[in-house]
Amino acid sequence: MKNTFSVRLIYHFYHNAVKAELKRRGFPKNTSRKIAKEHKIILDRAKDIGKSNLLSSYIMGSYFIALNRSTGRSAEENYEIFRDGLCASKLFHKIMGDADSYLDPKRIPARRQWSEDSHKRKYENDWVVDILPGNDEYDLGYDYHECGICKLCQDEGCPELAAYLCRMDYVLADIMNMKLVRTGTIAEGASCCDFRYSKPR
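First residue of the sequence shown? That's 1 in the UniProt record's numbering, and the numbers climb one at a time after it.
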């Protein structure tokens, strides 16, 4: 895919957070260089998804694959490295924002447009999503019918890694002080990923 400014910015954000966590855990200094080299290889052959709303998630996927190929540790430990590195990043917390900003009803029109565009399937590896405005049970819902991370992991011959990144969704919801309810994910064999977000009640 194209190594645009946005792609580089997102990559450096993840890489800096993970580098700090690797240092805390006593990894050799060259580990981060191995990750950077492997990530470039993955990125060069990854299918482009344009200016997708979930570009950061796609790069999260490519970075997690590179992490797993570079540390010599299990996928579970690499997930913990990735999670703890992001959670320790003050910048990450600031970027994520809070429930009020994320669940603002004024964002629904743009999200509906995103959903409509996603169903055109302009980019093979992009997500396809339906937006569900809030009701008495939740404030915002997503039904993802196709997942870019699952597609990327499949392309890279490591479909089992996608499920670890599904777990990050709960971490992100906690950071934003939101409740996430989900009954299944594509990575774990469900027909869709049913996200239901709400403010704590």
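For glycine and all other residues, C-beta sits at the position ideal for the given N, C-alpha and C.
Remember, it's a predicted structure, so these values are computed and weren't measured experimentally.
Measuring CB to CB, does residue i end up less than 9 Å from residue j?
i: leucine 180; j: glycine 61; result: no
i: tyrosine 102; j: glycine 141; result: no
i: leucine 67; j: valine 129; result: no
i: arginine 83; j: arginine 24; result: no
i: aspartate 143; j: aspartate 194; result: yes
i: isoleucine 65; j: glutamate 38; result: yes
i: residue 224; j: alanine 20; result: No answer is possible for residue 224: the residues shown for the chain start at 1 and end at 201.
Can you round the beta-carbon distance between residue i and residue j to whole angstroms, since I take them to be within the 8 Å contact cut?
i: isoleucine 149; j: leucine 165; result: 5 Å
DSSP on residue i, reduced to helix/strand/coil?
i: proline 159; result: helix
i: proline 105; result: helix
i: arginine 196; result: strand
i: glycine 141; result: strand
i: lysine 179; result: strand
i: leucine 132; result: strand
i: glutamate 188; result: helix
By how many angstroms is the C-alpha of residue j removed from the C-alpha of residue i?
i: arginine 8; j: leucine 55; result: 11 Å
i: leucine 43; j: serine 6; result: 13 Å
i: residue 207; j: aspartate 136; result: Since the first and last residues shown for the chain are 1 and 201, residue 207 lies out of range.
i: cysteine 158; j: aspartate 48; result: 19 Å
i: isoleucine 186; j: arginine 33; result: 32 Å
i: alanine 46; j: aspartate 155; result: 8 Å
i: lysine 90; j: arginine 69; result: 27 Å
i: aspartate 117; j: arginine 201; result: 33 Å
i: glycine 26; j: glutamate 146; result: 38 Å
Is it true that the stretch 92-108 meets the stretch 67-80, where meeting means three or more beta-carbon pairs spaced less than 8 Å apart?
no
Would the stretch 124-137 count as touching the stretch 4-22 if we require 3 or more Cβ pairs under 8 Å?
no
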